[in-house]
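Q: My questions all concern the structure below.
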Amino acid sequence: MILSLRSALAAFTFLTLANSRPTSGYISAATSTHESGGEEHIVIVNKNAPITPQVAEVLQRLDLHESHPDVRHVFNNSVFQGFAASMKSHCLDLLANMSDISHVEKTISISHASIPTTMDVRGNAPWGLQRISTANRFSGSPSAMDYTYAYTDSNLGSGSDIYILDTGVYTAHNVFSNRAKMLWSYDNDLSDQDGHGTHVSGTAAGNILGVASNANIFGVKTLSSDGSGWSSNVVAGIDFAIKNHEARSNSQDHSGSVISMSLASSSPVDAINAAVFAAISSGIHVCVAAGNSATDACSSSPAGGGGSQGGAITVGAVDISNTPASFSNYGSCVDVYAPGVNVISSWIGAPNMVNSLSGTSMATPHVTGIIAYAMAANSTLAKNPGLMKEWVRMQALEAGDGVLVANNGVQGAYQNQRKRGEEKGLQWRFARRAFSGLDALMVCARSEKMAVTSAWLCNAKRSLGL
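Each residue of the sequence shown is one higher than the one before, starting from 1 at the first, in the working numbering.
So, in C-alpha cells, the structure goes:
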C-alpha cells in the first residue's frame, strides 16, 4: 500500500510539473533524447517573435541548462540573446521547428589575419604613425623608427575604451603604462601566449608605438595560443563587450567604446554578423580586418559587415608607398586602408619586447586608434557609430584606384622632420622619451606557420642608445 501511494504521488507530481511547463517544443526529463557529444552550434533567439523566449526556456526544451557541460556560452545582453552548445541532430531538428529562433549555425574556426616578418627596430616612431598623420608621400625603410606622428588633440584617446578581441594582451608591457587590462577569456586563461593581441594593442594605444596612447585597452580573449578559435568565442566576446560598455557608458570619464577585431573567417558567419550589428546598435564602434586572402572581403566575417551596406569599418592594408598589400582583401566591403606591412609594435616575453608583423590585422588597429582618438576629441562622433564611419572615410586620403588611406585629420600638417620645430598648433611625440630606460630592445619573429604554432624565435638584440 505504501508503494502504491508513493507511485500515485510520483505520477501526480510528474503530471503537475509537465502541465506547468511550456508546451512548445518542451521535452521532459522522462522522454528526453538529448545526448552529449554533438557538434557545437550557435543559437540566437528571434527578438521579433510574438513572444520572445528566455534563453533558459530554449535550453529547457532541449533538456539542457546554462551549467550543463555541453553549453559553452550563454549570450544575454540588451540587444541579442542565445547560446552556444554541443548538440546532435535531434536537437537541431527541434530548433529548426521553433519559430522563435532566428539563427542556428555550426561554429567554425576563426583565425587572426597577420603575416609574420623579421625586422630590426631603431630610432623614434614606426612609419605607420606618420602615414596616418600626413597627406604627404614619404619614403624610407619600414623597419626604421625615425618617423614622426603628428596630432592636434592632446587627449590622445583619454576616456576611450578599446576592446581588443584577439589572443589576449600582455598587460605588463611598458608601452601600456597600466592602461591595459584583461577582462574576459573564453577559457579563463587571461594571458597572451601568442603575441598577436599584444601587437595589435600596441598599435592601437601603446605609448610611442600607438595612435591613441591615453586610451584604455580591454583584452577580450577570443583566439587561442595558435591564433585560431571558434566563431562562438567571437560572439561571446562581443556579448561581453556590449555588457561591459553598457555598464561603463554612464561614467563621467567615459568617452566611448570601440571593438577591434583583427580576425577573419573563411566564409560568412551570420551569428558574428548579427553580433557586430548588435554592438553597433548599442553604440559601440566596430573596426575589423579585411583579411589576407587577396580576395573579396565580403566573403568572410566580420569583414563582410563593412562597406556602404554595413555598419562596421573594414580595413585593408597598404605598404609604406601607399600601395595595397598583395595579400590584402579588397572590394566593396573595404572602407579604408591603413599601414599593414612591416608594422612594429609591442610583443610578449618581456616588458620591452617589440616585433614586426604584416597583415590586415596590423592595419586594423591604426583605424581603431583613430576612432579612439576621435571619440575623446568629439563627443558627437563618440556617440554615433554611423557618423564616425563617415568621418573616418571623409578624413581618409585618396591614394589612387579608389584606395582611401586612413588619416587622423592632421593630414598635410607634417612637412618634414627637420621643420617639425617650426610647426605650430601641433604636438610631436618622440620614441626616445617614452622608451627611456628600455636599453635592451629585443626584436623577435615568428615561424612562418604562425596560424598553426605559437613558436617564435628571438633573432636580434638591439639597444636604442637611450
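Note that CB positions come from ideal geometry on N, CA and C, so glycine has one too.
Please read these numbers as outputs of a predicted model, since none were measured by experiment.
1) State the DSSP-derived secondary structure class of Ile2, mapped to helix, strand or coil.
2) Please classify Gly219 as buried or exposed, where buried requires at least 16 neighbouring CB atoms within 10 angstroms.
3) What are the start and end residues of the alpha helix (DSSP H) that includes Leu94?
4) Tell me the DSSP bridge mates of Cys287?
5) Between which two residues does the beta strand (DSSP E) holding Tyr163 run?
6) For Val443, does the count of other Cβ atoms within 10 angstroms reach 16, so buried, or fall short, so exposed?
7) Name the two residues that bound the continuous beta strand (DSSP E) containing Lys181.
8) Which stretch, first to last residue, makes up the beta strand (DSSP E) that contains Gly229?
9) Do the region 192 to 204 and the region 158 to 171 meet, that is, are 3 or more Cβ pairs less than 8 Å apart?
10) At which residues does the beta strand (DSSP E) containing Phe75 begin and terminate?
11) Could you compute how far the alpha carbon of Ile231 sits from the alpha carbon of Phe80?
12) Taking all protein chains shown into account, decide if Ala29 is buried (16 or more other Cβ within 10 angstroms of its Cβ) or exposed.
13) When burial is assigned at 16 or more other CB atoms within 10 Å of the CB, is Lys47 buried or exposed?
14) Return the first residue and the last residue of the alpha helix (DSSP H) that Leu381 is part of.
15) I need the straight-line Cα distance from Val392 to Ser89, nearest angstrom please.
16) Using only the alpha-carbon positions, how far apart do Asn178 and Ala96 sit?
17) Drop a sphere of 10 angstroms on the beta-carbon of Ala180, count the other beta-carbons inside from all chains shown, and report buried for 16 or more, exposed for fewer.
18) Which of the three DSSP states, helix, strand or coil, is assigned to Ala467?
19) According to the Cβ coordinates, are Cys287 and Thr364 closer than 8 Å?
20) Below 8 Å on the Cβ atoms is my guess for Thr152 versus Val410; work out the distance and round it to an integer in Å.
21) Skipping 5 residues on each side, what residues in its chain have a beta carbon closer than 7 Å to that of Ala382?
22) Give a yes or no on contact between the region 269 to 276 and the region 231 to 247, applying the rule of three or more CB pairs nearer than 8 Å.
23) With 16 other CB atoms within 10 Å as the buried threshold, where does Gly425 fall?
24) Could you give the distance in angstroms between the alpha-carbon of Thr52 and the alpha-carbon of Met98?
25) Which stretch, first to last residue, makes up the beta strand (DSSP E) that contains Lys221?
26) Per DSSP, Gln60 is paired with what?
27) My output table needs one value for Ile108: the three-state DSSP class, helix, strand or coil.
28) Which one of Leu129, His285, Val403 has the shortest CA to CA distance from Met145?
29) In the structure shown, what three-state DSSP assignment does Asn355 receive?
30) With DSSP run on the structure shown, which of helix, strand or coil describes Ser361?
31) Check the C-beta distance from Val343 over to Met362 and give it rounded, since I have them as a contact under 8 Å.
32) How big is the Cα-Cα spacing for Ala113 and Thr222?
33) Reducing DSSP to helix, strand and coil, say where Pro385 ends up.
34) Between the beta-carbon of Ile242 and the beta-carbon of Ala279, is there less than 8 Å?
35) Suppose you measure from the CA of Val169 to the CA of Tyr186; what does that come to, to the nearest Å?
36) Roughly how far, in whole angstroms, is the beta-carbon of Ser86 from the beta-carbon of Glu57, given that I think they are within contact range, below 8 Å?
A: Short version:
1) Indexing the sequence shown from 1 puts residue 2 at position 2. Legend: pLDDT at Ile2 = 36, less than 50; position of this residue unreliable, no value from coordinates given.
2) Here the question's residue 219 lines up with position 219 in the sequence shown. Classification for Gly219: buried.
3) Numbered from its first residue, the sequence shown carries residue 94 at position 94. Unbroken alpha helix (DSSP H) run through Leu94: 89 to 96.
4) What you label residue 287 is simply residue 287 of the sequence shown in a count that begins at 1. Paired residue(s): Ser260, Ile313.
5) Looking up residue 163 in the sequence shown gives position 163. Looking at the DSSP string, the run of the beta strand (DSSP E) that includes Tyr163 is 160 to 166.
6) Position 443 of the sequence shown, counted from the start, is the residue given in the question as residue 443. For Val443, the predicted structure reports a pLDDT of 32, less than 50, and the residue's modelled location is therefore unreliable. The matter cannot be settled from this model.
7) The sequence position of residue 181 within the sequence shown is 181, counting from 1. Lys181 -> beta strand (DSSP E) spans 180 to 185.
8) Along the sequence shown, read from residue 1 onward, the residue named residue 229 stands at position 229. Run containing Gly229: 228 to 230, per the beta strand (DSSP E) assignment.
9) yes
10) Locating residue 75 in the sequence shown gives position 75, where the first residue counts as 1. Here the beta strand (DSSP E) through Phe75 covers 71 to 76.
11) Translated into the one-based positions of the sequence shown, residue 231 becomes position 231. Translated into the one-based positions of the sequence shown, residue 80 becomes position 80. A quick correction: the sequence has Ser, not Ile, at residue 231. Ser231 and Phe80: Cα-Cα distance of roughly 16 Å.
12) Here residue 29 refers to the residue found at position 29 of the sequence shown. Residue placement at Ala29 is flagged as unreliable, the pLDDT there being 37, under the threshold of 50; a coordinate-derived value is accordingly withheld.
13) Position 47 of the sequence shown, counting from 1, holds the residue named residue 47. Lys47 comes out exposed.
14) Translated into positions along the sequence shown, residue 381 becomes position 381. Element bounds for Leu381: 379 to 382.
15) Within the sequence shown, numbered from 1, the residue matching residue 392 stands at position 392. Within the sequence shown, numbered from 1, the residue matching residue 89 stands at position 89. Taking the straight line from one Cα to the other gives about 45 Å.
16) Here residue 178 refers to the residue found at position 178 when the sequence shown is read from its first residue. Here residue 96 refers to the residue found at position 96 when the sequence shown is read from its first residue. The straight-line gap from Cα to Cα measures roughly 48 Å.
17) Counted from its first residue, the sequence shown places residue 180 at position 180. It is buried - the Cβ of Ala180 has at least 16 other Cβ atoms within 10 Å.
18) Residue 467 cannot be examined here, being either before or after the span of the chain that is shown, 1 to 466.
19) Taking the first residue of the sequence shown as 1, we reach residue 287 at position 287. Taking the first residue of the sequence shown as 1, we reach residue 364 at position 364. Going by C-beta atoms, Cys287 is nearer than 8 Å to Thr364.
20) As a first step, residue 152 is located in the sequence shown; it is residue number 152 there, counting from the start. As a first step, residue 410 is located in the sequence shown; it is residue number 410 there, counting from the start. Correct: roughly 6 Å between the Cβ atoms.
21) Along the sequence shown, one-based indexing puts residue 382 at 382. Same-chain partners within the cutoff: Ser255, Gly256, Met375.
22) yes
23) Translated into positions along the sequence shown, residue 425 becomes position 425. Below a pLDDT of 50, predicted positions are generally treated as unreliable, and Gly425, at 31, falls in that range; no measurement from the model is reported.
24) Here residue 52 refers to the residue found at position 52 when the sequence shown is read from its first residue. Here residue 98 refers to the residue found at position 98 when the sequence shown is read from its first residue. The alpha-carbon atoms of Thr52 and Met98 are separated by roughly 11 Å.
25) Here the question's residue 221 lines up with position 221 in the sequence shown. From DSSP, the beta strand (DSSP E) with Lys221 extends over 216 to 221.
26) For the purposes of this step, residue 60 is taken as residue 60 along the sequence shown, with counting starting at 1. Paired residues: none, contrary to the question.
27) Along the sequence shown, read from residue 1 onward, the residue named residue 108 stands at position 108. Coil, per DSSP.
28) As a first step, residue 145 must be located in the sequence shown, where it is residue number 145. With distances taken between Cα atoms, Met145 lies closest to Leu129.
29) Looking up residue 355 in the sequence shown gives position 355. Three-state DSSP puts Asn355 in a strand.
30) Taking the sequence shown and counting its residues from 1, one reaches residue 361 at position 361. Note: Ser361 maps to helix in three-state DSSP.
31) Locating residue 343 in the sequence shown gives position 343, where the first residue counts as 1. Locating residue 362 in the sequence shown gives position 362, where the first residue counts as 1. About 4 Å; that satisfies the 8 Å criterion.
32) To locate residue 113, count along the sequence shown from 1; it is residue 113. To locate residue 222, count along the sequence shown from 1; it is residue 222. Approximately 14 Å, taken between the alpha carbons.
33) Counting from 1 along the sequence shown, the entry for residue 385 is found at position 385. Helix, per DSSP.
34) Here the question's residue 242 lines up with position 242 in the sequence shown. Here the question's residue 279 lines up with position 279 in the sequence shown. Yes; because the gap between Cβ atoms is below 8 Å, this pair is in contact.
35) As a position in the sequence shown, residue 169 is number 169, starting the count at 1. As a position in the sequence shown, residue 186 is number 186, starting the count at 1. Near 14 Å, if we compare the C-alpha coordinates of Tyr186 and Val169.
36) Sequence index remark: in the sequence shown, residue 86 carries index 86 (1-based). Sequence index remark: in the sequence shown, residue 57 carries index 57 (1-based). That pair is no contact at about 19 Å.
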